[in-house]
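Here is the structure we will look at.
Numbering (my numbering), first residue to last: 16 to 319.
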């Protein structure tokens, strides 16, 4: 029927040299409409080779595959969408994590992926720093991408673990401080989230240390030389004596030159010089308490 509809007004002798399967092929779909039209408009007998040439001319050239895999899909309105290929894992970790967030937090799969991408970019830019060992299943996934830095003890009685890192695009950092007292019955853990502050003066009236080469020319020193002076300091007063002579931009550059261990050492000196304070919502233990109050510990500091 399709052949009859396509070539009803064409002499049968004109189609005699075309293979039957080719006739079925070109009349079974509209994409070969130009081939049918070419046969109808041809003069004389039509050969199989001519039909094959017409079919080849109708084929659209295949789009070249990109050098790198792409997750973008073009839409009819000219926009594009991100399409993540199916994720097949032996432990189904990714799917289980997304489904748990959808069930427990009401998130969509799209918002989960967007949030995960934002966290990854924040870590790569230096905004986050790992402060404890990862569980085994996360170590198996992340491998060596996240590294844990062991704390440095300050003295025999108190350990101060301070980790500071600064984003290249945002002067905000997460600083986690853990204070462990030597007393058996008291452990205090405080998490502090505050803006990044390059160590600088706490009091403008602190006297200069005469043992360090501090004079008016320090203002013209490069930040590499200033960083070298900071490495020689053994007290917070010496740090203040140096940083009080330079502006904030130079302090920031000098701070970046220091190694991570030196940064932790200087911050530990600053913390040791500051009086310890207890803030609202901190968790504290009560030593020598009545036995019947054990169930209520640790106590949470509240506004009176």
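Glycine included, each C-beta is placed from N, C-alpha and C at the ideal position.
Between residue 38 and residue 70, which are expected to be in contact by the criterion C-beta below 8 angstroms, what is the C-beta distance as a whole number of angstroms?
With 8 angstroms as the limit, residue 38 and residue 70 do not qualify as a contact, their Cβ atoms being about 12 angstroms apart.
Taking the beta strand (DSSP E) that residue 248 falls in, what are its first and last residues?
Element bounds for residue 248: n/a, residue is neither H nor E.
Our contact map puts residue 127 next to residue 113 with C-beta atoms below 8 angstroms; I'd like the distance itself, whole angstroms only.
Residue 127 to residue 113, Cβ: 5 angstroms. Contact.
Under DSSP, the alpha helix (DSSP H) around residue 112 begins and ends at which residues?
Where residue 112 is concerned, the enclosing alpha helix (DSSP H) stretches over 108–120.
Ignore the nearest five residues each way along the sequence and tell me which others in residue 156's own chain have a CB closer than 8 angstroms to its CB.
So the qualifying residues of the chain are 108.
Please name the residue, chosen from 262, 264, 267, 254, that lies closest to residue 286 on a Cα-to-Cα basis.
Of the listed residues, the one whose Cα sits closest to residue 286 is 254.
Measure how close the beta-carbons of residue 233 and residue 271 come, nearest whole angstrom, since I'm counting them as under 8 angstroms.
About 18 angstroms; that fails the 8 angstroms criterion.
Out of curiosity, what's the CA-to-CA distance linking residue 235 and residue 133?
Rounded to whole angstroms, residue 235 to residue 133 spans 40 angstroms at the Cα level.
What are the partner residues of residue 89, as DSSP defines its beta bridges?
Residue 89 is bridged to 95.
Just the Cα atoms here: how many angstroms apart are residue 29 and residue 49?
For residue 29 and residue 49, the distance between alpha carbons rounds to 17 angstroms.
Check each candidate in 56, 94, 46 and name the one with the smallest Cα separation from residue 72.
For the residues 56, 94, 46, the minimum Cα distance to residue 72 belongs to 46.
Can you name the start and end residues of the alpha helix (DSSP H) that residue 60 belongs to?
Residue 60 -> no alpha helix (DSSP H), and no H or E assigned at all.
When burial is assigned at 16 or more other CB atoms within 10 Å of the CB, is residue 274 buried or exposed?
Classification for residue 274: exposed.
Classify residue 260 as helix, strand or coil using the three-state DSSP reduction.
Residue 260: coil per DSSP, three-state reduction.
Residue 132: beta carbon under 7 angstroms from a heavy atom of the ligand GTP?
With respect to the ligand GTP, the structure offers nothing, as it holds no ligand at all.
Residue range of the alpha helix (DSSP H) that residue 51 falls in?
48–56 is the extent of the alpha helix (DSSP H) around residue 51.
When the Cα of residue 282 is compared with those of 34, 62, 245, 26, which residue comes out closest?
Of the listed residues, the one whose Cα sits closest to residue 282 is 245.
Three-state secondary structure (DSSP) at residue 298?
Residue 298: strand per DSSP, three-state reduction.
Can you tell me whether residue 283 is helix, strand or coil according to DSSP?
Residue 283: helix per DSSP, three-state reduction.
Put residue 276 into one of helix, strand or coil per three-state DSSP.
Helix.
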